[in-house]
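Enquirer: Protein chains in written order, with this note's numbering: chain A, 15 to 139; chain B, 654 to 1240; chain C, 77 to 245. Just so it is clear, CB atoms sit at the ideal spot from N, CA and C, and this is done for glycine as well.
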Amino acid sequence: MAKLTIADLKKIKEDYHQGLREGGFRVKITVHMGTCGIAAGARGIMNTIMEELAKSNLKDVAITTSGCAGLCSQEPMTTIETTGQPPIKYTALTEEKMRKIFAEHVVAGRPVTEYALVAGHETTY
Amino acid sequence: MICAGTGCVANGSLKVKDALETELIKRNLQKEVKIVLTGCNGFCAKGPVMVVYPEDIFYQLVKPEDVPHLVEEHFIKGRPVQKFLYTPPADKNTIPVMNDIPFFKHQVLRALRNRSLIDAEKIEEYIARDGYMAAAKALTEMTPEQIVVEMKKSGLRGRGGAGFLTGLKWELCARVSGDIKYILCNGDEGDPGAFMDRSVMEADPHSVLEGMIIAAKAINAHYGYIYVRAEYPLAVQRLQLAIESAKDHGLLGKDILGTGFDLDLEIYQGAGAFVCGEETALMASIEGKRGMPRAKPPFPAVKGLWQRPSVLNNVETFANIPPIILHGADWYASLGTEKSKGTKVFALSGALNNIGLVEVPMGTPLKTIIYDIGGGIKNNRKFKAVQMGGPSGGCIPGSLIDTPVDFENINKTGAIMGSGGMVVMDETTCMPAMAKFFLEFTEDESCGKCVPCRIGNKTLLTILQRITNGEGREGDIELLLDLSQQIKDTSLCGLGQTSPNPVLTTIKYFRDEYEAHIKEHRCPARVCTPLVKFVVDQSKCKKCGQCFKACPAGALKWEKGQVAYIDPEKCTKCKSCIKACRFWSID
Amino acid sequence: MSTEAAAEQTATNNEVILPEMYTRIDAIIEKYKDKPGSLIPVLQQAQEVCGYLPHLVQRYIAKGMNMSPSVVFGVATFYSYFTLVPRGKHVIRVCLGTACYVKRSEEIIEKIKAELDLEVGEITRDKKYSLEAVRCLGACGLAPVVVIGQDTYGDVAATKVMDIIKKYD
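1. So, B/VAL964 versus B/LYS822, is the Cβ gap smaller than 8 Å?
2. For chain C, check one thing: does any of its Cβ atoms lie closer than 8 Å to the Cβ of A/THR19?
3. Grab me the residues of B/THR819's own chain with a C-beta within less than 7 Å of its C-beta, minus the 5 sequence neighbours each way, in chain order.
4. Tell me the rounded alpha-carbon separation between B/ILE1049 and B/GLN1040.
5. Counting along the chain, where does the alpha helix (DSSP H) carrying B/ASN1064 start and finish?
6. On the three-state DSSP scale, how would you describe B/ASN694?
7. Rounded to whole angstroms, what's the CA-CA distance from B/LYS1186 to B/ASP1240? Just pull it up for me.
8. By the 10 Å Cβ neighbour count, where 16 or more other Cβ atoms means buried, how is B/GLY1241 classified, buried or exposed?
9. Between the C-alpha atoms of B/GLY941 and B/GLY831, what's the straight-line distance to the nearest angstrom?
10. Give the residues of chain A in contact with C/ALA215, contact being defined as C-beta atoms less than 7 Å apart.
11. Spatial neighbours of B/ILE867 within its chain, please: C-beta separation below 8 Å, excluding the five flanking residues on both sides.
12. Which of the residues in the segment 983 to 1010 of chain B, read from start to end, lie with their CB under 7 Å from any CB of chain A?
13. Let me see if you follow: with CB-CB separation under 8 Å, is C/SER156 close to chain B or not?
14. Just how far apart, CA to CA, sit B/LYS949 and B/PRO1183?
15. For B/ALA1203, collect the residues of the same chain with a Cβ closer than 6 Å to its Cβ; drop the 5 residues on either side in sequence, then sort them by chain order.
16. Which of the residues in the segment 888 to 911 of chain B, read from start to end, lie with their CB under 7 Å from any CB of chain A?
17. Can you give me the Cβ contacts of B/ARG1119 inside the same chain, cut-off strictly under 7 Å, excluding the 5 residues immediately before and after it?
18. Is the segment 1151 to 1170 of chain B touching the segment 1121 to 1139 of chain B, taking contact as three or more C-beta pairs under 8 Å?
19. List in chain order: all unbroken beta strand (DSSP E) runs of 3+ residues lying wholly within the segment 939 to 967 of chain B.
20. List, in chain order, every chain C residue whose beta-carbon is nearer than 7 Å to that of A/GLU89.
21. Quick check for students: name the residue ranges of the alpha helix (DSSP H) that lie wholly in the segment 1116 to 1179 of chain B, counting only runs of 4 or more.
22. Using a Cβ-Cβ distance cut-off of 8 Å, determine whether B/PRO749 contacts chain A.
23. Quick check on C/VAL92: does DSSP put it in helix, strand or coil?
24. Excluding the 5 residues preceding and the 5 following A/HIS135 in the sequence, name in chain order all residues of the same chain whose CB lies nearer than 6 Å to its CB.
25. Alpha carbon to alpha carbon, how far is B/LEU1117 from B/TYR1024?
26. Nearest-angstrom Cα distance between C/TYR229 and A/GLY38?
27. Could you check the C-alpha separation between C/ASP102 and B/ALA1206 for me, to the nearest Å?
28. Could you check what DSSP says for C/THR235 in three-state terms: helix, strand or coil?
29. Taking all protein chains shown into account, do 16 or more other C-beta atoms lie within 10 angstroms of the C-beta of B/ARG1164, making it buried, or fewer, making it exposed?
30. Sort B/LYS1161, B/THR747, B/GLY1051, B/GLU897 by Cα distance to B/MET1078 and report the nearest one.
31. What number of angstroms, rounded off, separates the C-alpha of B/ASP744 from the C-alpha of A/SER70?
32. Rounded to whole angstroms, what is the Cα-Cα separation between C/PRO145 and C/LEU129?
33. Residues in the same chain with beta-carbon distance under 6 Å from B/TRP1211, minus the five sequence neighbours each way, listed in chain order, please.
34. According to DSSP, what are the bridge partners of B/ASN839?
35. Count Cβ pairs between the segment 169 to 176 of chain C and the segment 840 to 847 of chain B that sit closer than 8 Å; are there 3 or more?
36. Does the separation of the CB atoms of C/LEU183 and C/LYS189 fall below 8 Å?
See the structure below:
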């Protein structure tokens, strides 16, 4: 890996934002996998998503992980972001709920209100 | 905030900005309303979008010709314009937005700024959110003196518990000459009930590394350690990966970002000793010794690790540093109270509806944290107290729930800010037993070096044990108070100096409970088994039968419409009935 | 039993250390012996090899690292991560952090102690289980927490804990 310069840092940042918005994926699923999330079963949720994705043959869905989302008592959690829509956080997931969310929100683009906790981003300074 | 992401610019967001500027000048509002262009909001299909603070109103599909109307209605009359409000996709029930949910509404994320937004294992995602830009600024545009000045001006105080000014700590070390210095990160999060640092290390490890680079430049250190508890395997793994990928990208190691500055970092796994959270003990531990504190001075800034000048900061402190350098001290100091600036992360747990990790501006009232963010007490029970600061802290009672949470005000209650554990207790918690719990902890974790802590805490524990066993004596409360003061005054390190705090605060606010244990042989919370009679109070029993259903031993006798009865022969004193009874009718 | 007494007992209990364990410990010592301050990582890794830190291994490490055995013993007994007694096939760890305490994790410990007839830090006669109390696993949202082997269980009731344990045989 080539050593970065400050100009490179800026370029990575720009490229990254471009990629996520235009060239890339329609849906981004983030599974929150901190210690508490994993203890509450986040790995099982991750596996379910992988299975559903494989079954669906969708090519425009990105799966990623992130750390603790802060609301430990509602783990496991995922955040699903589709282009043009605010990210939606789903909480207290089970495999069954996740399958439904995948079919409704990821495939058909309709958020599942009954399992959704909140839409939008948190306030960062 | 007007979105200037590619999508919105294409939809004309810059024209909206121009129109807004013109309109604000026309109305003479330019000083009251500040326009900020932001990165993409993610609502590209609805662009141009804008968010108006402090109300956090989200407008979509705004056109330049709509601006005068919007300014008139919103900024002058204070009425959000319905037409442009964001409406979630049509559905029977709509999904609430962040501001509808108190858990999110009262939080401001600075140390946790990347939470749930980035993949901790991908450095590009950190960089995409301004990652390493602060390090770049510190390395190229700032002298060590300037960094120290900026840090001091920001008012950031150490987040590990004691609240020492971070800039001042750096200045002390920067002034000491020496070719070898160390920058150290304290990730030995030992307070039971605290998991802030774990979360930062797991979710955003690069923010810690970046903070350390900036600190290293300020004190001129080229080597550093991150001391992490071995109980946090995921944090260790993610930090390790972060260090490796930062090295690969030239963000650690030799000649960082081509600036000529070198810094190597290494992880050191602690082996489980609470006292190693104390700085001199932590350094002894890295040297491979028993982690025992030593007397100060000399301070670590002068003689620290391997006798070299060293600076040790906590994980959360480091995570706060990059935004301070990037946005400036004034920005940082704009939140918080007079002497406690910025935000603080708390680990909320215990008898609350919402348990989790929260970040709020300093000065937020306890009430907001417990009732709004925490969602109030679980099972509609009564709030009794909140424990802050772990074994070094104390219990703050319900009567002080309006206390603003900052260093000064929390100290006034007798508790301490600590590293950020907040354990909330309802009426089913017994205060003398709580104090005993913490003393068991400190007695176990005392390193044994100095007498007041080693023997004093043991004695405190013995007294608390007899009180909770129903063998308390007249004068025990006074004895506890006297001994506590002596331990505080004469111990060598922070552990001993603060270990009596749980005893002192529970006596201060819940003396009646101690007296009930000692004089009446009664535990009001029904926690101390030897003091519970396991008898149903006939006058209080509502004949509901919940206790009967809960009893696993078949000791409860109950029939519909009848007062329950506990058969002492069969009762195993498991307390299932006490937990099931909502009327406190079992004594 | 005090830690020291336990250590003495194992020292006389014919500690079995396989030759291949010594080979692996040699490699660990070789890697660290010239690096100052590396006793703790050496002990951590040796414990991974043996499952605990037998007396003989401590002496062996002391010799390899050119240290007095008392220094090694001092460090090994200071930190709670190290154990001088063997662990059971399944290690049951009950969290005694504040959040778990408030949710009565002590009652879980009492239940396990009574059912398995052992104390905290001990191992059952059939060597199947050992019981440890730990200070905060950082999963306070799931309190009270019990960890068996690598599996974490949250919201555990004292009355139900034995059902979980019995799943591990």
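Expert: So, from the data block:
1. Here residue 964 of chain B corresponds to residue number 311 of the second sequence, with the count starting at 1. Here residue 822 of chain B corresponds to residue number 169 of the second sequence, with the count starting at 1. Contact: yes.
2. What you label residue 19 of chain A is simply residue 5 of the first sequence in a count that begins at 1. A/THR19 does not count as touching chain C.
3. Here residue 819 of chain B corresponds to residue number 166 of the second sequence, with the count starting at 1. So the list reads MET804, LEU809, ARG810, GLY811, ASN966, THR970, once near-sequence residues are dropped.
4. Translated into the one-based positions of the second sequence, residue 1049 of chain B becomes position 396. Translated into the one-based positions of the second sequence, residue 1040 of chain B becomes position 387. The alpha-carbon atoms of B/ILE1049 and B/GLN1040 are separated by roughly 6 Å.
5. The residue given as residue 1064 of chain B occupies position 411 in the second sequence. From DSSP, the alpha helix (DSSP H) with B/ASN1064 extends over 1060 to 1066.
6. Locating residue 694 of chain B in the second sequence gives position 41, counting from the first residue. With a pLDDT of only 49 at B/ASN694, under the threshold of 50, the placement of this residue in the model should not be trusted, and no figure is reported.
7. For the purposes of this step, residue 1186 of chain B is identified with residue 533 of the second sequence, where counting begins at 1. For the purposes of this step, residue 1240 of chain B is identified with residue 587 of the second sequence, where counting begins at 1. One C-alpha to the other measures close to 6 Å.
8. As shown, chain B starts at 654 and ends at 1240. That puts residue 1241 of chain B outside it, with no answer to give.
9. Sequence index remark: in the second sequence, residue 941 of chain B carries index 288 (1-based). Sequence index remark: in the second sequence, residue 831 of chain B carries index 178 (1-based). When rounded, the distance between both Cα atoms is 23 Å.
10. Within the third sequence, the letter at position 139 stands for residue 215 of chain C. By Cβ distance, chain A contributes THR49, CYS50, ALA53.
11. In the second sequence, counting from the first residue as 1, residue 867 of chain B sits at position 214. Taken in chain order, the residues that qualify are ALA787, ALA788, ALA791, ILE800, ILE974, PRO975, ILE978.
12. ASN1007, ILE1008, GLY1009, LEU1010
13. Within the third sequence, numbered from 1, the residue matching residue 156 of chain C stands at position 80. Cβ-Cβ to chain B under 8 Å: yes for C/SER156.
14. The count along the second sequence starts at 1 and reaches residue 949 of chain B at position 296. The count along the second sequence starts at 1 and reaches residue 1183 of chain B at position 530. When rounded, the distance between both Cα atoms is 45 Å.
15. Indexing the second sequence from 1 puts residue 1203 of chain B at position 550. Contacts found: SER1229, CYS1230, ALA1233.
16. ASP901, HIS902, GLY903, LEU904, LEU910, GLY911
17. Along the second sequence, one-based indexing puts residue 1119 of chain B at 466. These residues qualify, in order along the chain: GLY1125.
18. yes
19. 963 to 967
20. Within the first sequence, numbered from 1, the residue matching residue 89 of chain A stands at position 75. Those within 7 Å of A/GLU89 in chain C are GLY217.
21. 1129 to 1143, 1147 to 1151, 1154 to 1172
22. Looking up residue 749 of chain B in the second sequence gives position 96. So, interface residue.
23. The residue you call residue 92 of chain C lines up with position 16 of the third sequence. Note: C/VAL92 maps to coil in three-state DSSP.
24. In the first sequence, the residue the question calls residue 135 of chain A occupies position 121. Within the same chain, A/HIS135 has no close Cβ partners at all.
25. Position 464 of the second sequence holds residue 1117 of chain B. Position 371 of the second sequence holds residue 1024 of chain B. B/LEU1117 and B/TYR1024: Cα-Cα distance of roughly 32 Å.
26. Start at 1 with the first residue of the third sequence, and residue 229 of chain C comes out as number 153. Start at 1 with the first residue of the first sequence, and residue 38 of chain A comes out as number 24. Each residue's alpha carbon lies about 38 Å from the other.
27. Position 26 of the third sequence, counting from 1, holds the residue named residue 102 of chain C. Position 553 of the second sequence, counting from 1, holds the residue named residue 1206 of chain B. Their Cα atoms are separated by approximately 55 Å.
28. Locating residue 235 of chain C in the third sequence gives position 159, counting from the first residue. Coil.
29. Along the second sequence, one-based indexing puts residue 1164 of chain B at 511. With fewer than 16 Cβ atoms within 10 Å of its Cβ, B/ARG1164 is classed as exposed.
30. Residue 1078 of chain B sits at position 425 when you count from the first residue of the second sequence. Among B/LYS1161, B/THR747, B/GLY1051, B/GLU897, the Cα nearest to that of B/MET1078 belongs to B/GLY1051.
31. In the second sequence, the residue the question calls residue 744 of chain B occupies position 91. In the first sequence, the residue the question calls residue 70 of chain A occupies position 56. With a pLDDT of 44 at B/ASP744, under the threshold of 50, the modelled position of this residue cannot be trusted; read the value that follows with caution. B/ASP744 and A/SER70: Cα-Cα distance of roughly 24 Å.
32. In the third sequence, the residue the question calls residue 145 of chain C occupies position 69. In the third sequence, the residue the question calls residue 129 of chain C occupies position 53. Each residue's Cα considered, the two are about 13 Å apart.
33. If you number the second sequence from 1, residue 1211 of chain B lands on position 558. These residues qualify, in order along the chain: GLY1198, PHE1201, ALA1217.
34. Reading the second sequence from its first residue, position 186 is the one you call residue 839 of chain B. Per DSSP, B/TYR880, B/ASN967.
35. yes
36. The count along the third sequence starts at 1 and reaches residue 183 of chain C at position 107. The count along the third sequence starts at 1 and reaches residue 189 of chain C at position 113. The question names Leu, but residue 183 of chain C is Glu in the sequence shown. For C/GLU183 and C/LYS189, no; Cβs fall outside 8 Å.
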